[in-house]
Each structure stands twice: as structure tokens, then as C-alpha cells.
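Residue numbers (mature numbering (1 follows the signal peptide of the UniProt record, and there is no 0)): -21 to -1, 1 to 372.
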């Protein structure tokens, strides 16, 4: 994309919902439309609702009738020497206008620069105190016949491929009749020489997809807003990571989230804290806290306790306790980087802490995203690894 176009596109991306990734340069005040506009009404779009049927492989691809969605991968890895690394890759889509009622073949021809879909992708690599970040933007039109195959950005279900420019998450399965989401390759690099950063990773699913929430719908506020939410928390990851021009062979485990919605939050919700944990006994845990939007003006919490076999148990707001214990000064903000996380129904009482606080995503829409270590609250024994995302600080 020509550099002179990027400020305009970046400004558009700050509209609801690509701001889903974080906050502006200062913590946002409540506007009555929820954090970053995610509580605004979304007339004309399809709404995420309990009981909405999911269809795979179709739902691995884009949903242009919904206002927002993302493909969000995080991974806790080790290099050849056993040193930890973290990686993130995220592709966001935002519709600029509700879908037209007329079928594509009946719509007027679109001018080359007309777009009804905006895309943003983020890349991050973390190792010790080092944290490298890159981002890219693109546009597309959902009525374009090339959309989904040869456009600048898009996502198709079968064979699976999601991309922005040459940043690509794509299937390694050659049989078009098989589940082409089970084995993927992620390729994303940015910069040259000592500034080179990125990765080529092979993802192999060693467990099933997990459906969150109630009837496939993940509620985000007591008023009923939410999203369709599916995860693949069982990725085995192998490949190579480049950081500051150095290449490292890596392996580890990853977590990929898929969400789509049109009105994600309630009007008074100011940000969120989201955890994904791989525990050493094979269990997985997803937990989040939306600040505001709960009963009597409190916070709204939810999560999913996942067995080693991939069987999910939805956690109600009163079954999950998240308590910030300590903050770190990051990018001029006080960000909670040490938490107590309790799930009494699972006998779980954890201290979840970021070993390195400097994980600020200094992107157009900034936020905090980094690796965490989970330990037993009583004994301090290590119990797992994961990722934490925090917005609105």
C-alpha cells in the first residue's frame, strides 16, 4: 500500500471494531458506546446470538455479514537452548457498512478503490527483554469476484487460507475433502537485516476445536452482547523464528481464537483482561474479565475449563475470580502484570504473572499482549504457560 494512504486507512481502522485490539494513546473514557465503540448498535448486520448454528469448514472463513471478526494466534515456544520465546499473529476484519441485500451478481460494478472491508494484521516476537512488533493494513470488497482468492487480504474456508499481503496462515492438507484446518503453516516476516523479524511455523492440531459459552455463543455483558467464539487450543508448533536478524529453531504449543460479532460489548464496558493457559496436566483454561457490564455495574467474567480430551465446561461469571495483585509501568500506564486467578469448581487457585512486563504492542491501536507463567497459589509450583491480553489501560 502506498505510504500516503496509510494514515487514512489507519484512521478508519480506529472506528469500531478493529480497535478491539486495544486502546488509544490515552485510556479511553466511557462514551456510552462501550470500549473503542464496541458497544455501538449494529443495525443492518447479522447479530451473534445463542443457538446460532456453526458450520465447519465454512466458519473458518470470513463472515462479511457480521461487522467484526479475527483470527488470533499466540504461542509459547522454546529455542534450541531451551530459552522461551513468544509469538503472536492476528488478522482483523471490519466491515465499513452493512451487507447489501441484493445478491453480488445484481450489484453495480465497484470502482477499484471502493472497499467495504478493512483489514489489519499484527505480528510480534518476544524473547527475554526484546519485543518486536509489526503491523499491516489492507482493504477489500466483499462483492469482488477475486475476493477470497487473489485480493490483498481475505480469508477462505476450504482449502483454508487467511492472509494480508504475504503474511499468510494456510492449510498444509492437500486433500480438498479433508479438514484443511487441522494442519496449517503460518508465514510472516517484516524488515531486513538486523531489523528482520518474523516466523515460519507449522501448526498441527492434537485435539479438537473448542466451542465457548452457551450454545456456541460467548456472552460478554449482563445485557446479552457477545460473539460466536471458537478456539483451537491444542496446536503443536514447530518451525523457525527470526528476531533481530537471528534465526532460531523453535517448538512449543499454540492457541488460536476465532471470534465474529457485530456488537461485541455493552455500552459501559471500558476494556478487558483475557487469559489463555496451557496447564501441565493437559487441561486448558480460557478466562476473561470485561471491566463494566456486569450485574449492578460490576465487571463481567466468563471462561471455559477444557479437559485434556477437549471437552469444554463453560464458566459462569460467579465461577471465576480474577484479582490484580501488582502492576508494572509500561508505555506510561500502570498495567496489572500479576494476577490471582481462581476457578473453585476446578480446584484451581493460580498466580499468573508476566515474566517480562515490556510487551506493549505499539501499533496504531496499542494494547498489552505477552507471555505469562501460571503457578500454584499455595506452593508456588509451576503449573503452566499461556498468554495475557489487556486493553483499556
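Built from N, CA and C at the ideal position, the CB exists for glycine as well.
Would you say the stretch 234 to 252 touches the stretch 204 to 216, given that touching needs at least three Cβ pairs under 8 Å?
yes
In whole angstroms, give me the CA-to-CA distance for residue 78 and residue 29.
One C-alpha to the other measures close to 22 Å.
Could you give the first and the last residue of the continuous beta strand (DSSP E) run that contains residue 252?
In the DSSP annotation of this structure, the continuous segment of the beta strand (DSSP E) that includes residue 252 starts and ends at 251 to 258.
Report the three-state DSSP secondary structure of residue 54 (helix, strand or coil).
strand
Have a look at residue 367 and residue 173 and give me their C-alpha separation to the nearest angstrom.
28 Å
What's the gap between the Cα of residue 165 and the Cα of residue 185?
Going by the C-alpha atoms only, they are around 17 Å apart.
Between residue 309 and the rest of its own chain, which residues show a CB-CB distance below 7 Å, the 5 nearest in sequence each way excluded?
336, 337, 339, 347
Would you give the residue range spanned by the beta strand (DSSP E) that residue 40 belongs to?
First-last for residue 40: undefined, no H or E at that position.
Going along the chain, which residues of its own chain have a beta-carbon closer than 6 Å to the beta-carbon of residue 265, five neighbours each way excluded?
255, 282, 283
What does the Cβ neighbour count give for residue 314, buried or exposed, with the cut at 16 atoms within 10 Å?
Buried is the label assigned to residue 314, since at least 16 other Cβ atoms lie within 10 Å of its Cβ.
In chain order, which continuous runs of the beta strand (DSSP E) of length 3 or greater are located wholly inside the stretch 302 to 357?
312 to 322, 327 to 332, 346 to 355
Going along the chain, which residues of its own chain have a beta-carbon closer than 7 Å to the beta-carbon of residue 115, five neighbours each way excluded?
100, 143, 144, 146
Integer Cβ distance of residue 387 from residue 41, believed to fall under 8 Å
This structure cannot speak to residue 387, because the chain is shown only from -21 to 372.
Report the CB separation of residue 305 from residue 319 in whole angstroms; it is logged as a contact under 8 Å.
Going by Cβ atoms, the distance from residue 305 to residue 319 rounds to 10 Å, so no, they are not a contact pair.
Check this for me: beta carbons of residue 55 and residue 364, under 8 Å apart or not?
yes
Run the CB neighbour count on residue 388, radius 10 Å, all protein chains shown included, and call it buried at 16 or more, exposed below.
The chain is shown from -21 up to 372; residue 388 falls before or after that span and cannot be answered.
At the level of alpha carbons, what is the spacing between residue 45 and residue 73?
Computed Cα separation, rounded: 8 Å.
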